[in-house]
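Residue numbers (our numbering): 1 to 241.
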């Protein structure tokens, strides 16, 4: 009998939550809809605890991530809170949300690791912004018209590998008030909203699967064939280690 191929292991950095009533304590969480979408696409999502000691240096955090992350076949960087403005050289905007220094440092260390080690990666919402900031780009801290709870069509560049999965003008669900502004080194914009907001990024010349999207596929993946196809495309491009 043929032995089933194992599912690719996908590390998903957890998000700190101040309360989780069923647990009675603070929690480290990920969105169920996103985890379920990845699992149904064929992956094995595993929440990764941002466990570095508060007060650890950026390099110490990176060394910890480098020791822990090699187990994973791929990484999914999920949505979350705003990134601290100082990390891209700006003062905090009055409308910016609270940021968490450990969360930022840990997530940015993960981005650094996946690029250095060519780990297949899908970056979602905050994840896309992390990729941009990690490579020296910056953000618009508060859009004139925030894309909150908004479903709209985007225009994908015909050269983007995502077109084969999603077509040129898919409908997407957005929940963000910040956006990529100046692009980080090596990044190219590959999708836009009608108002010009960047909705997807590719790392130019990368010889591994790494794509970043501003929208939330988990919002509609249960019934949206385009979002299902996106997650399946991600899983299909993960070589098992």
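Ideal placement from N, C-alpha and C gives every residue a C-beta, glycine not left out.
Beta-carbon to beta-carbon, residue 90 and residue 141 are separated by about 7 Å, close enough to satisfy the 8 Å threshold. Taking the Cα of residue 137 as reference, the smallest distance to any Cα among 71, 108 and 175 is reached at 108.
In the three-state scheme derived from DSSP, where H, G and I count as helix and E and B as strand, residue 44 is classed as strand. Note on residue 43: 16 or more other CB atoms within 10 angstroms of its CB, so buried under the neighbour-count rule. Non-local C-beta neighbours of residue 184 in its own chain, meaning closer than 6 Å and more than five positions away in sequence, comprise 132, 135, 136 and 137, ordered along the chain. A direct Cα-to-Cα measurement between residue 49 and residue 64 gives close to 12 Å. In terms of Cα proximity to residue 240, the closest of 155, 221 and 75 is 75.
Between residue 223 and residue 173 a beta carbon distance of about 11 Å is seen, past the 8 Å cut, so the two are scored as non-contacting. For residue 171, the uninterrupted beta strand (DSSP E) segment begins and ends at 171–176. When Cβ pairs closer than 8 Å are counted between the two stretches, the segment 108–118 is seen not to touch the segment 90–100, the count staying below three. In the structure shown, the three-state DSSP call for residue 160 is coil. Runs of the beta strand (DSSP E) lying entirely within the segment 56–119 and spanning at least 3 residues, in chain order: 74–77. DSSP places residue 236 within a helical segment (H, G or I) once states are collapsed to three.
Nearest neighbour of residue 73 by Cα position, chosen from 168, 122, 62 and 87, turns out to be 122. Within the same chain, and ignoring the five residues on either side of residue 15 in sequence, the residues whose Cβ sits closer than 6 Å to its Cβ are 29 and 80.
By the neighbour-count criterion, in which a residue is buried when 16 or more other Cβ atoms sit within 10 angstroms of its Cβ, residue 161 is exposed.
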